[in-house]
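Participant: Would you mind keeping the following structure in view while I ask a few things?
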């Protein structure tokens, strides 16, 4: 694939957009516009349960393929992230009240962030990469939590887990194990390697 090939990010995520821009990637943005909640509910409705990492992979592939179907000659990047605590999957909080309860649930415990990136062309995903990070929240006080919710602002409602690690959200944690970009929402280093392998970036 030539370096001039169109690259499309099938996501409206600010973190993913900023990651690619900072890495010097030239790309367009076209959100997949999927009903992600419905897909997650279908996947998790089984009595046998489902691996949270599998949920992230299904959604990443679905996003990439949805946009690729509309632009078959482009290379489309789809990505998804699932936060899990003891296999309980968390969604983005719809409001501050839910963010507060979510953070209380995560407080003092170690949760996992499963991030998957997929590439699709011609309407089909032909490459995926997954990675998992482990994050331990400290047993912060109620006063800290209330102060955090005010200072962090409405942006936390855009993030699963109600935090942005690259901002004041880092104060919630006492231990972090894993790749920084995985935590932000996309395994960027692996993606860059695949783009180089395909000739989309200089090697």
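In my numbering, the protein residues as written are 376 to 578.
Note that the Cβ used here is the ideal one computed from N, Cα and C, for glycine as well.
Can you tell me the Cβ-Cβ gap for residue 524 and residue 471, rounded? I've got them flagged as a contact below 8 Å.
Facilitator: 6 Å
Participant: So, are the CB atoms of residue 430 and residue 412 less than 8 Å apart?
Facilitator: no
Participant: State yes or no: is the C-beta of residue 495 within less than 8 Å of the C-beta of residue 439?
Facilitator: In this structure, residue 439 lies closer than 8 Å to residue 495 by Cβ.
Participant: Ignore the nearest five residues each way along the sequence and tell me which others in residue 456's own chain have a CB closer than 7 Å to its CB.
Facilitator: Within its own chain, the residues whose Cβ lies closer than 7 Å to the Cβ of residue 456, once the five positions on either side in sequence are excluded, are 431, 488, 489, 490, 535 and 560, listed in chain order.
Participant: Could you say if the stretch 547-556 and the stretch 400-407 meet the contact criterion of at least three C-beta pairs nearer than 8 Å?
Facilitator: no
Participant: According to DSSP, which residues form a beta bridge with residue 450?
Facilitator: 382
Participant: Taking DSSP's pairing of strands, which residues face residue 556 in a bridge?
Facilitator: None; residue 556 has no bridge partner.
Participant: Expressed to the nearest angstrom, what Euclidean distance is found between the alpha-carbon atoms of residue 514 and residue 420?
Facilitator: Going by the C-alpha atoms only, they are around 32 Å apart.
Participant: Can you tell which of 541, 447, 545 and 501 has its C-alpha closest to the C-alpha of residue 520?
Facilitator: 545
Participant: In the DSSP assignment, what residue or residues form a beta bridge with residue 492?
Facilitator: DSSP lists 454 and 504 as partners of residue 492.
Participant: Taking the Cβ atom as the reference point for each residue, do residue 468 and residue 474 lie within a distance shorter than 8 Å?
Facilitator: yes
Participant: Please identify the residue among 575, 452, 541 and 401 whose C-alpha is closest to the C-alpha of residue 499.
Facilitator: 452
Participant: Helix, strand or coil, according to DSSP, for residue 551 in the structure here?
Facilitator: Residue state, collapsed to three classes: strand.
Participant: Kindly indicate the opening and closing residues of the beta strand (DSSP E) around residue 464.
Facilitator: 463-465
Participant: Helix, strand or coil for residue 394, going by three-state DSSP, please let me know.
Facilitator: helix
Participant: Going by the CB atoms, is the gap between residue 557 and residue 508 shorter than 8 Å?
Facilitator: yes
Participant: Would residue 506 and residue 562 qualify as a contact pair, given that the criterion is a beta-carbon distance under 8 Å?
Facilitator: yes
Participant: Within 7 Å: the Cβ of residue 482 and any heavy atom of the ligand ZN?
Facilitator: Ligands displayed in this structure: none; no statement on the ligand ZN is therefore possible.
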